[in-house]
Amino acid sequence: MKRIILTGALGQIGTELTVKLREIYGEDNVLATDIKEPVDSPLEGKPFETLDVTNYEEMERIAREFKADTIMHLAALLSATCEKNPHLAWEINMGGLVNALEVARNLNLQFFTPSSIGSFGPSTPKDQTPQTTIQRPVTMYGVNKVSGELLCDYYYEKFGVDTRGVRFPGLISHVREPGGGTTDYAVEIYFEAVKNGKYTSFIDKGTFMDMMYMDDAIQAIIDLMEADADKLEDRNAFNVSKLSFDPEILAESIRRHYPDFELSYDVDPVRQGIAESWPNSIDSSEAKRQWGFDAKFDIDKMTDTMIEAIKKKI
Ligand code: SER
Numbered sequence: 002m003k004r005i006i007l008t009g010a011l012g013q014i015g016t017e018l019t020v021k022l023r024e025i026y027g028e029d030n031v032l033a034t035d036i037k038e039p040v041d042s043p044l045e046g047k048p049f050e051t052l053d054v055t056n057y058e059e060m061e062r063i064a065r066e067f068k069a070d071t072i073m074h075l076a077a078l079l080s081a082t083c084e085k086n087p088h089l090a091w092e093i094n095m096g097g098l099v100n101a102l103e104v105a106r107n108l109n110l111q112f113f114t115p116s117s118i119g120s121f122g123p124s125t126p127k128d129q130t131p132q133t134t135i136q137r138p139v140t141m142y143g144v145n146k147v148s149g150e151l152l153c154d155y156y157y158e159k160f161g162v163d164t165r166g167v168r169f170p171g172l173i174s175h176v177r178e179p180g181g182g183t184t185d186y187a188v189e190i191y192f193e194a195v196k197n198g199k200y201t202s203f204i205d206k207g208t209f210m211d212m213m214y215m216d217d218a219i220q221a222i223i224d225l226m227e228a229d230a231d232k233l234e235d236r237n238a239f240n241v242s243k244l245s246f247d248p249e250i251l252a253e254s255i256r257r258h259y260p261d262f263e264l265s266y267d268v269d270p271v272r273q274g275i276a277e278s279w280p281n282s283i284d285s286s287e288a289k290r291q292w293g294f295d296a297k298f299d300i301d302k303m304t305d306t307m308i309e310a311i312k313k314k315i
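Sequential numbering from 2 applies to the sequence shown in this note's numbering.
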């Protein structure tokens, strides 16, 4: 029987992951936690505890009392927010991660946390970036993510904690919008297309980044956590991605629904700089080979689903 606790459950990934895990494992077997209260969230009125991930004692108490056997650690600041406040980023992203790993070690929990395409840097090969390659990120977010990947491997090798993790691309979803990320334009564009028929992008034309629809990301987490440990040659930092596009390609997909959709640019130098330091497209073949990663949403299927859902929402 799974007993799963999530940190950062009100975030972009956590909200949909919690709902899906509850469908699979039962509502009472999944405990959502976040620093905020679940107001106007699908998690409102369901099992929930407030938790600041920099507080180790509280995290351990909640996991122990819940009798958790798994912790999914999602609480983190995204790339652009980290650049605005790098010290706070270190405190939350690394402090929270160490606490979650220590809880997993002390209570013998299976462990998941996401890394990111942000763990790569300008000297990384740009196209079909291999899983094992040069990682010299130039952002605080990237420094956090590489450190986190190494720390998760360390806890597995040194302490035998069953740590597992993926490198996510930009994730596109309509339930809970992301905040403070570089890939956020690819979510905002859909909301603006439906509401106003136009969008001003802070990422420049011709800037390719990896992306994936949220349903595929959630399934990847579940599949990796369920994967037979004997089949895993790696534990953490699996490249997973499905799509690679720039704003123009995304706009073309949207124009199938809104032929007059207008895309203009007001490039943010900070987020543009971050985007340019990341790969154009990463190679997910190890995730496919070792645990059967299989993303289903191509760009048009994603666009159709996003637009349909946003129309219902607003
Ligand atoms: N979506 C994240 C960001 O843009 C990347 O992992 O910060």
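Glycine included, C-beta positions come from ideal geometry on N, C-alpha and C.
Backbone CA spacing between residue i and residue j [nearest angstrom]
i: Pro260; j: Phe49; result: 43 Å
i: Ser174; j: Ala218; result: 10 Å
i: Gly171; j: Gly274; result: 16 Å
i: Tyr200; j: Glu253; result: 13 Å
i: Ile6; j: Phe169; result: 20 Å
i: Lys312; j: Thr184; result: 22 Å
i: Glu28; j: Pro123; result: 43 Å
i: Ala296; j: Val139; result: 29 Å
i: Val54; j: Thr71; result: 16 Å
i: Asn281; j: Lys68; result: 42 Å
i: Glu189; j: Ile204; result: 12 Å
i: Pro115; j: Glu92; result: 17 Å
i: Leu22; j: Ile222; result: 10 Å
i: Trp279; j: Leu89; result: 22 Å
i: Leu75; j: Glu84; result: 19 Å
Identity of the residue in the options nearest residue i by Cα
i: Met60; options: Pro39, Asn100, Cys83; result: Asn100
i: Asp301; options: Met212, Ile219, Val268; result: Met212
i: Leu79; options: Leu44, Ile25, Arg257, Met141; result: Met141
i: Ser202; options: Asp235, Thr306, Leu264, Asp29; result: Leu264
i: Phe209; options: Tyr157, Lys199, Leu251, Asn237; result: Leu251
i: Asp247; options: Arg165, Gly207, Glu58; result: Gly207
i: Lys3; options: Ser285, Met226, Met303, Met307; result: Met226
i: Val167; options: Gly97, Lys289, Tyr26; result: Lys289
i: Asn197; options: Ala238, Ile255, Phe113, Ile118; result: Ile255
i: Gln111; options: Tyr156, Val271, Ile118; result: Tyr156
Limits of the unbroken alpha helix (DSSP H) element including residue i
i: Tyr259; result: No alpha helix (DSSP H) contains Tyr259, which DSSP labels as neither H nor E.
i: Leu32; result: Per DSSP, Leu32 belongs to no alpha helix (DSSP H); it is in the beta strand (DSSP E), 31 to 35.
i: Gln111; result: Segment 111 to 113 is the beta strand (DSSP E) holding Gln111; no alpha helix (DSSP H) there.
i: Met303; result: 300 to 314
i: Phe67; result: 57 to 67
i: Ser42; result: Here Ser42 belongs to no alpha helix (DSSP H), and DSSP marks it neither H nor E.
Rounded Cβ spacing between residue i and residue j (contact assumed at less than 8 Å)
i: Val31; j: Thr16; result: Not really, about 12 Å apart at Cβ, beyond 8 Å.
i: Phe298; j: Tyr214; result: 4 Å
i: Leu152; j: Leu108; result: Their Cβ separation, rounded to whole angstroms, is 18 Å, which puts Leu152 and Leu108 out of contact at 8 Å.
Residue interval of the beta strand (DSSP E) (run including residue i)
i: Val176; result: Neither: Val176 is in no beta strand (DSSP E) and is coded neither H nor E.
i: Leu244; result: 244 to 246
i: Asp211; result: 210 to 214
i: Leu7; result: 5 to 8
i: Met141; result: First-last for Met141: 141 to 160, but that is the alpha helix (DSSP H), not the beta strand (DSSP E).
i: Val167; result: 167 to 169
i: Glu234; result: It is not in any beta strand (DSSP E) - Glu234 carries neither H nor E in the DSSP assignment.
i: Gln201; result: Per the sequence shown, the amino acid found at residue 201 is Thr instead of Gln. Run containing Thr201: 199 to 202, per the beta strand (DSSP E) assignment.
i: Glu50; result: 49 to 51
i: Thr71; result: 71 to 74
Burial state of residue i, where buried means 16 or more other Cβ atoms lie within 10 Å
i: Arg1; result: Outside the displayed range of the chain (2 to 315) lies residue 1, so it cannot be described from this structure.
i: Ala230; result: exposed
i: Glu150; result: buried
i: Gly46; result: exposed
i: Tyr191; result: buried
i: Thr51; result: exposed
i: Val176; result: exposed
i: Lys243; result: buried
i: Ser286; result: exposed
i: Thr133; result: exposed
i: Val104; result: buried
i: Ile14; result: buried
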